[in-house]
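J.: Structure below; questions to follow.
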Amino acid sequence: MTTATRPAALSRENLSDAISQLAAGGALIVVFIYLSIASDRFLTSDNLFNVGQQTAVTAIIAIGMTLVIITAGIDLSVGAVAALSGVVGVKLMIELGLPPNLAIVVGVLVGALAGLVNGLLVTITQLAPFIATLGMMSVARGLTLIVTGAAAVFGAPADFRLLGQGEIGPVPIPVIALIAVAILGHLVLTRTRLGRYSYAIGSNPEAARLSGIPVKRYLTAVYVIAGALAGFGGMMAASRVNSGQPNFGIGLELDVIAAAVIGGASLFGGRGTVVGTLIGGFLIALIRNGSVLLNVNTFYQSVIIGVIIWLAVIFDQYRRRRLGGAGE
Amino acid sequence: MSADRTPVVRLSGVTKRFPGVLAVDNVDLEILSGQVHVVAGENGAGKSTLMKLLSQVERPDEGTVEIGGEPVAFHGPGHAQRLGVAMVYQEFALAPHLTVAENLFLGREPGRFGTLNRGEERRRARELLESVRLDVDPTRRVASLSVAAQQRVEIAKALAIDARLVIMDEPTAVLPERDIDDLFEVIRELTGRGIAVLYISHRLDEIFRIGDRVTVMRDGAVVKTLPVSELDHDQLVRLMVGREIANLYPKPEAELGEVRLAIRDVTRAGVVDGCSLEVRGGEIVGLAGLVGAGRTELARAVFGADRLDSGTVELDGEAVRIDSPAAAIDAGLGYLTEDRKGNGLALELAIEHNITLANLPTRGPLLDLGREHEIAAHRRDQLDIRTPSLRRRVEALSGGNQQKVMVAKWLETRGRVLFFDEPGRGIDVGAKAEMFELIGELATEGRAIVLISSYLPELLNMCDRILVMRDGRMAGELARDDFSEERLMALATGAKEAHER
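Dropping the structure here:
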């Protein structure tokens, strides 16, 4: 049954992972079909691309968050870091005449730098990730307000709009960027040392260290990646409104964590996938979109999303308990 | 005498299934008051499930459980406690930040209307501690107690609920040798009060030391229940394994080669003090000593897991600088930890991913998943790791198979010098025999082996030489011709103490 040449065979655990994603995936399909029937505006390419475009920022940042959560960490600073990257990038274009492409790179680097600080706080000073990134959330938001004087920064060059508003053929560029980041993220998680070590660190950091894995280096790298993706998301969001918004991304970290958790990532580490996080992200997006289309009081969105978080995690725990009960 | 003993617990036709496993198969069992009833069997024999059925952690699929002559319905662990069934877990279920007294009465605090009568709590706590012969202040925090003392608190907790049946799951696995006698005295005191003790252990000698009756389980079913006095060691092993085990400790006759590992004056402040040791290729050198003597600490420091304050390490005549496990692995060292779950394995990862964790096969920047699977399949066949799939999470394996996964991981790093820290802990007789056979083979292939064990028969049978540690220092060395438990214990405890015995 387990011959060496069949790496694609499904074991019980792989299957149950798939089922867990199916549950969130099933919910996604149900909501999708329901909205298709309930609203004639839903199933149009305009609306769907619009959803994709709106979700791209959250989903891209959520992929970085998934990586962090797999290591049993958390990054509360992504929303604030995204805002900081956005305003810094836009300001550099206006004040130094930086070309948009370069500004985007700088925005990503700002995020990566914030991630580096997070990573060093977690690995060198051994702060709990929650605390380290809580501090960064405040620091980054504060810097954003200092840089901008709490006012939005307008006047970016017109071609900066491309990242957030451009299209290639009918497909919005944010959607293309999301697909690229997702494929890359999936490859990193399943096919690279960084991915494998992240799961190992999240599952048992001491076992990982005793296996010769340079835990601190890899953990730091994970926070840098999460920060860089937050920076990228921040630039994309800035591009959508062609301005730097100091108040962008307040509460975004919670949406991002919700997407990962609905998608099967465990806050205790060792579990999580890019596909799951995408499903989680789009489930939230469809519920938001549907509420608008169906004129549902938007306050209900939050309630529904909260309930979905509960159900997803309850299901995950139930599944794990059943699996855990079988061994002696 | 035992004729007039009443059964505290009676199981009739109890069956429990898990998906794909018949964990407990139509078990009939009577546990008598005032007796130590041992349940013996290999991992997977159904012992743990049986305990969980008694403590109502799991619900039986079929059959009846009677406690004190009354059939009991399933209402969860709290109900079992109220019926007088107490469980002393291997990993203690104490709240480390609370005091001893608070732990003893957790959930049943003396006092009225939600207020606490702390004086009363302390007074009753002192009584309970006295009856388990534990001399500590009840206001101390549990976290500050030794493992042995914490275990005593667990037992006192069982007394606090007036337990009729106390279930102990491998209580000696966590204890230093010298505390085991004390524990046994406390157990005798319990049975003296008419309490029944259900005792689970992998250490056969304990079964004969403490047991009154023994039930042997295999594949979920009861093989036999009989008085311990009607049984000898070999018969017991045969009942447990279902076949003859010719030799539990197959010592290889390996040709000794050159010195592979030489440690000189290794010191780690506070735990290891100027230890030196040499191991040749093909040689198995034992590290003996009481718990806390510094054996694990020495191994960890040499392996780079903890900082080494001073001293040198040479491999095959070359000095190596080891400042991290990664450096140690590069140099050819391997360390199988004593704590599989705590720091040996990534339990949520697949078996194959654990096997390759310390030496991932890559192609360019990417992992070579096909090659990884081949490697894992090869090790599975070589070490006989029993699993339906290499993609299963390691946590689903039995202890013996988990141990093999750790060995496989270190074979993948091409380790020339392997430290085995308590390789026999928590695995059953059959798996143990296999593990020691494997260790012998690894030595025969020219590797140098350092074997750390608290269980003397393992050391006396497997090793070419034994070094004894005491208080972080090397207390002495025994050549194979001089091996004896007495000499070993004399060195481990300090000769003076041994003379007084």
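For the protein sequence lines, the chains are A and B, in the order given. When we follow this note's numbering, the leftmost residue of the first sequence carries the number 1189, and every step to the right adds one. When we follow this note's numbering, the leftmost residue of the second sequence carries the number 6, and every step to the right adds one. We put the beta carbon where it would ideally sit given N, CA and C, even for glycine.
What is the rounded straight-line gap between the Cα of B:V412 and the Cα of B:L103?
T.: Distance between the alpha carbons of B:V412 and B:L103: 39 Å.
J.: Hey, how far is the Cα of A:V1341 from the Cα of A:L1236?
T.: Cα-Cα distance, rounded: 30 Å.
J.: Using a Cβ cut-off of 9 Å (strictly closer), state whether B:L282 contacts chain A.
T.: Chain A, which has no Cβ nearer than 9 Å to the Cβ of B:L282, makes this no.
J.: How is the alpha helix (DSSP H) around A:F1318 delimited, first residue to last?
T.: P1317 to T1336 is the span of the alpha helix (DSSP H), which, as asked, contains A:F1318.
J.: Hey, does A:Y1387 have any beta-carbon neighbour from chain B nearer than 9 Å?
T.: Interface residue, yes.
J.: Under a three-way DSSP split, which group does A:R1229 fall into?
T.: A:R1229: coil per DSSP, three-state reduction.
J.: Buried or exposed: B:F118, going by 16 or more other Cβ atoms within 10 Å of its Cβ?
T.: Per the 10 Å Cβ criterion, exposed.
J.: Beta strand (DSSP E) containing A:I1401: first to last residue?
T.: Run containing A:I1401: none; DSSP gives neither H nor E here.
J.: Do you know how far the Cα of A:V1239 is from the Cα of A:N1483?
T.: Taking the straight line from one Cα to the other gives about 16 Å.
J.: Compute the beta-carbon to beta-carbon distance between A:G1303 and A:A1473, rounded to the nearest angstrom, for a pair I have assumed lies under 8 Å.
T.: With a Cβ gap of about 25 Å, A:G1303 and A:A1473 do not count as contacting.
J.: Grouping DSSP H, G and I as helix and E and B as strand, with all else coil, what is B:A267?
T.: Three-state result, B:A267: strand.
J.: So B:S206 is in the beta strand (DSSP E); what residue range does that whole segment cover?
T.: Element bounds for B:S206: n/a, residue is neither H nor E.
J.: Leaving out the 5 sequence neighbours to the left and right, which residues in its chain are closer than 7 Å to A:L1315 when beta-carbon positions are compared?
T.: Counting only Cβ-Cβ distances below 7 Å, and skipping sequence neighbours, we find L1309.
J.: For B:T392, count the other beta carbons within 10 Å of its own beta carbon; 16 or more makes it buried, fewer makes it exposed. Which is it?
T.: The residue is buried, with at least 16 neighbouring Cβ atoms inside 10 Å.
J.: Report the rounded CA-to-CA distance for A:G1515 versus B:E135, giving the unit in angstroms.
T.: Its pLDDT being 32, under 50, A:G1515 is placed unreliably by the model, and the measurement read from it follows with that caveat. So the alpha carbons of these two residues sit roughly 38 Å apart.
J.: Quick check: the Cα distance between B:R208 and B:P428, rounded to an integer number of angstroms?
T.: So the two alpha carbons sit approximately 13 Å from each other.
J.: For B:K414, go through chain A and note every residue whose CB falls closer than 8 Å to its CB, in chain order.
T.: Within chain A, the residues near B:K414 are S1399.
J.: One question on the structure: do B:L354 and A:A1388 come within less than 9 Å of each other, judged by their Cβ atoms?
T.: Yes, the Cβ-Cβ distance between B:L354 and A:A1388 is below 9 Å.
J.: Select from B:A50, B:F424, B:A163 and B:P12 the residue whose C-alpha is nearest the C-alpha of B:V26.
T.: Minimum Cα distance to B:V26 is reached at B:A50.
J.: Just list the beta strand (DSSP E) runs in the region 273-351 of chain B, keeping only unbroken ones of 3 residues or longer that don't cross its boundaries, in chain order.
T.: Qualifying beta strand (DSSP E) stretches, in chain order: 277-285, 289-293, 315-320, 323-325 and 338-341.
J.: Output needed in chain order: residues of the region 1368-1387 of chain A with a Cβ under 9 Å from some Cβ in chain B.
T.: Result list: L1375, T1378, R1379, T1380, R1381, G1383, R1384, Y1385 and Y1387.
J.: Compare the C-beta of B:E353 against all C-beta atoms of chain A and say whether one is closer than 9 Å.
T.: With 9 Å as the cut-off, B:E353 counts as an interface residue toward chain A.
J.: Figure out for me which residue from A:G1323, A:L1255, A:L1331 and A:A1453 has the closest Cα to the Cα of A:N1435.
T.: Checked all of A:G1323, A:L1255, A:L1331 and A:A1453; the closest Cα to A:N1435 is A:L1331.
J.: My assumption, with CB atoms under 8 Å, is that B:K52 sits in contact with B:V44. Please give the rounded CB distance.
T.: About 5 Å separates the two Cβ atoms, so the contact holds.
J.: So, at 7 Å on beta carbons, what are the nonlocal neighbours of B:A8 in its own chain, with the 5 sequence-adjacent residues on each side left out?
T.: Residue placement at B:A8 is poorly supported in this model, since its pLDDT is 46, which falls under 50; the coordinates still yield a value, given next. No residues qualify anywhere along the chain.
J.: Please check if any C-beta of chain E sits within less than 9 Å of the C-beta of B:S60.
T.: In summary, chain E is missing from the structure at hand, where the protein chains are A and B.
J.: Do B:Q156 and B:V179 have their CB atoms nearer than 9 Å?
T.: In contact: B:Q156 and B:V179 (Cβ atoms closer than 9 Å).
J.: Is the CB of A:R1459 under 9 Å away from at least one CB in chain B?
T.: Closer than 9 Å: yes.
J.: Pair every Cβ in the region 437-444 of chain B with every Cβ in the region 473-487 of chain B, then say whether three or more of these pairs are closer than 8 Å.
T.: No: fewer than three Cβ pairs fall under 8 Å.
J.: Going by other Cβ atoms of all chains shown within 10 Å of its Cβ, with 16 needed for buried, is A:T1191 buried or exposed?
T.: For A:T1191, the predicted structure reports a pLDDT of 37, less than 50, and the residue's modelled location is therefore unreliable. A value from the coordinates is still provided. By the neighbour-count rule (16 or more Cβ atoms within 10 Å), A:T1191 is not buried but exposed.
J.: So, for A:I1493: in the same chain, excluding its five sequence neighbours on each side, which residues have a beta-carbon less than 7 Å away from its beta-carbon?
T.: The residues are A1446, I1472 and I1475.
J.: Helix, strand or coil for A:G1352, going by three-state DSSP, please let me know.
T.: The answer is helix: DSSP assigns A:G1352 an H, G or I state.
J.: Span of the beta strand (DSSP E) holding B:S17?
T.: Unbroken beta strand (DSSP E) run through B:S17: P12 to F23.
J.: So which residues on chain B does A:A1409 lean against when the C-beta distance must stay under 8 Å?
T.: Within chain B, no residue comes near A:A1409; the closest Cβ sits about 14 Å away, beyond 8 Å.
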